[in-house]
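Engineer: Take a look at this one; I'll ask things after.
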Amino acid sequence: GAVVSQHPSRVICKSGTSVKIECRSLDFQATTMFWYRQFPKQSLMLMATSNEGSKATYEQGVEKDKFLINHASLTLSTLTVTSAHPEDSSFYICSATTSGGLSSYNEQFFGPGTRLTVL
Amino acid sequence: SQQGEEDPQALSIQEGENATMNCSYKTSINNLQWYRQNSGRGLVHLILIRSNEREKHSGRLRVTLDTSKKSSSLLITASRAADTASYFCATDGGNNRLAFGKGNQVVVIP
Chain F
1 GAVVSQHPSR VICKSGTSVK IECRSLDFQA TTMFWYRQFP KQSLMLMATS
51 NEGSKATYEQ GVEKDKFLIN HASLTLSTLT VTSAHPEDSS FYICSATTSG
101 GLSSYNEQFF GPGTRLTVL
Chain A
120 SQQGEEDPQA LSIQEGENAT MNCSYKTSIN NLQWYRQNSG RGLVHLILIR
170 SNEREKHSGR LRVTLDTSKK SSSLLITASR AADTASYFCA TDGGNNRLAF
220 GKGNQVVVIP
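Protein sequences appear in the order of chains F and A. For the first sequence, the positions run 1 to 119 when the working numbering is used. For the second sequence, the positions run 120 to 229 when the working numbering is used.
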């Protein structure tokens, strides 16, 4: 159980276009989803915390107008990179968790990641 | 948020040897977790140790936590080629927001 999927797994786009990445919890309801980005050979950096039905909470330095997050249902969160530029090229990973139920510490279950390349 | 930080060195070992990596952090934590990441893939949760625990075992994994030194270690015993991956520690300050360390790349040579 506790499977999280991401779509697409890879995307290449031209500079200036917008890209939407989906994160789905397949077999549980995710009250909270997290979005991370990871540059090559570096660590994961938390971008934002997304709670179902409410606005996302962004980490310091992350532009909310640049990275639009929507968590419209308990199984789906989307990250839209607006007007993407080459410096937005990165590996984007989501995770999902639920309050109570699966674990007392609200274990995060990670998606497989989406590789974004902006030309 | 807290920052877990591993020693930045890459580790290359022979199959069957033990691999040890360390992690340090700066602020108080609720728990510390270790993850594995294969190249270009998502993260796999390995083990969690709570702030009131000092040592924990899971199969070939052994994790220690020293809250007075704000450090943790991950030991993989009898390593296998399949253990080749990057290993990250992540700290949870109690609000479920994880702060990841830099990661240690481990290469196990068959």
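For each residue, glycine too, the CB sits at the ideal point set by N, CA and C. Owing to the predicted nature of the structure, the values given are computational and were not obtained by experimental measurement.
Give me the Cβ distance between A/Ile168 and A/Leu151, rounded to the nearest whole Å; I'm assuming they're in contact under 8 Å.
Structural biologist: Indeed, because the Cβ distance is near 5 Å, the residues count as touching under 8 Å.
Engineer: What residues from chain F crowd round A/His164, counting only those whose CB sits closer than 7 Å?
Structural biologist: What A/His164 touches in chain F: Glu107.
Engineer: Which term fits F/Phe39, buried or exposed, when burial requires 16 or more other beta carbons within 10 angstroms of its beta carbon?
Structural biologist: With fewer than 16 Cβ atoms within 10 Å of its Cβ, F/Phe39 is classed as exposed.
Engineer: Could you tell me whether any Cβ in chain A is nearer than 8 Å to the Cβ of F/Glu52?
Structural biologist: Not one chain A Cβ lies under 8 Å of F/Glu52.
Engineer: What residues of chain F sit near A/Lys221, judged by a beta carbon separation below 8 Å?
Structural biologist: Near A/Lys221 (Cβ distances below 8 Å), the residues of chain F are Gln42, Ser43.
Engineer: From the DSSP secondary-structure annotation, give me the bridge partner or partners of A/His164.
Structural biologist: A/Tyr154, per the DSSP bridge assignment.
Engineer: In whole angstroms, give me the CA-to-CA distance for A/Arg194 and A/Glu174.
Structural biologist: Checking the sequence shown, residue 194 of chain A turns out to be Leu, not Arg. Rounded to whole angstroms, A/Leu194 to A/Glu174 spans 11 Å at the Cα level.
Engineer: For F/Thr98, count the other beta carbons within 10 Å of its own beta carbon; 16 or more makes it buried, fewer makes it exposed. Which is it?
Structural biologist: By the neighbour-count rule (16 or more Cβ atoms within 10 Å), F/Thr98 is buried.
Engineer: Using the rule of at least 16 other Cβ atoms within 10 Å of the residue's Cβ for burial, across every protein chain shown, is F/Gly101 buried or exposed?
Structural biologist: Here the model assigns F/Gly101 a pLDDT of 47, short of 50, so the residue's position is not dependable and the matter cannot be decided.
Engineer: Quick one: grab the DSSP three-state call for A/Asp211.
Structural biologist: Reduced to three states, the DSSP call for A/Asp211 is strand.
Engineer: Where DSSP assigns a beta bridge to A/Ile195, which residues make up the other side?
Structural biologist: Paired residue(s): A/Ala138, A/Leu180.
Engineer: Just to confirm before moving on: does the CB-CB distance between A/Ser198 and A/Val163 stay below 8 Å?
Structural biologist: Going by C-beta atoms, A/Ser198 is not nearer than 8 Å to A/Val163.
Engineer: Would you mind stating whether A/Arg149 and A/Gly212 have Cβ atoms separated by less than 8 Å?
Structural biologist: Checking the sequence, you will find Asn at residue 149 of chain A rather than Arg. Their beta carbons are under 8 Å apart, which means A/Asn149 touches A/Gly212 by this criterion.
Engineer: Which of the residues in the segment 143–165 of chain A, read from start to end, lie with their CB under 9 Å from any CB of chain F?
Structural biologist: Residues passing the 9 Å Cβ filter: Asn149, Asn150, Gln152, Tyr154, Gln156, Gly159, Arg160, Gly161, Leu162, Val163, His164.
Engineer: Which same chain residues end up closer than 7 Å to A/Thr203 when comparing Cβ atoms and leaving out the 5 residues on each side of it in sequence?
Structural biologist: Once the five neighbours on either side are set aside, the close Cβ partners of A/Thr203 are Val225, Val226, Val227.
Engineer: Does A/Asn171 have its Cβ less than 8 Å from a Cβ in chain F?
Structural biologist: No, A/Asn171 does not count as interfacial toward chain F.
Engineer: Where does A/Asp185 fall in DSSP's three states?
Structural biologist: Residue state, collapsed to three classes: strand.
Engineer: Measuring only the C-alpha atoms, how far is A/Asn157 from F/Ser54?
Structural biologist: In a straight line, the C-alpha of A/Asn157 is about 33 Å away from that of F/Ser54.
Engineer: One question on the structure: do F/Ser18 and F/Thr82 come within less than 8 Å of each other, judged by their Cβ atoms?
Structural biologist: Cβ atoms of F/Ser18 and F/Thr82: closer than 8 Å.
Engineer: Please work out which residues of its chain come closer than 8 Å, Cβ to Cβ, to A/Asn137, disregarding the five sequence neighbours upstream and downstream, and give them in chain order.
Structural biologist: For A/Asn137, where only same-chain residues beyond five positions count, the Cβ hits under 8 Å are Leu194, Ile195, Thr196, Ala197, Ser198.
Engineer: Against A/Leu217, what residues of chain F qualify as contacts under a CB-to-CB distance less than 9 Å, listed in chain order?
Structural biologist: Chain F residues near A/Leu217: Phe34, Tyr36, Leu44, Leu46, Ser95, Gln108.
Engineer: Quick one: residues in its chain with C-beta nearer than 8 Å to the C-beta of F/Cys13, no 5 flanking neighbours on either side, listed in chain order?
Structural biologist: Val19, Ala84, Leu116, Thr117, Val118, Leu119.
Engineer: Report the three-state DSSP secondary structure of F/Glu87 (helix, strand or coil).
Structural biologist: Three-state DSSP puts F/Glu87 in a helix.
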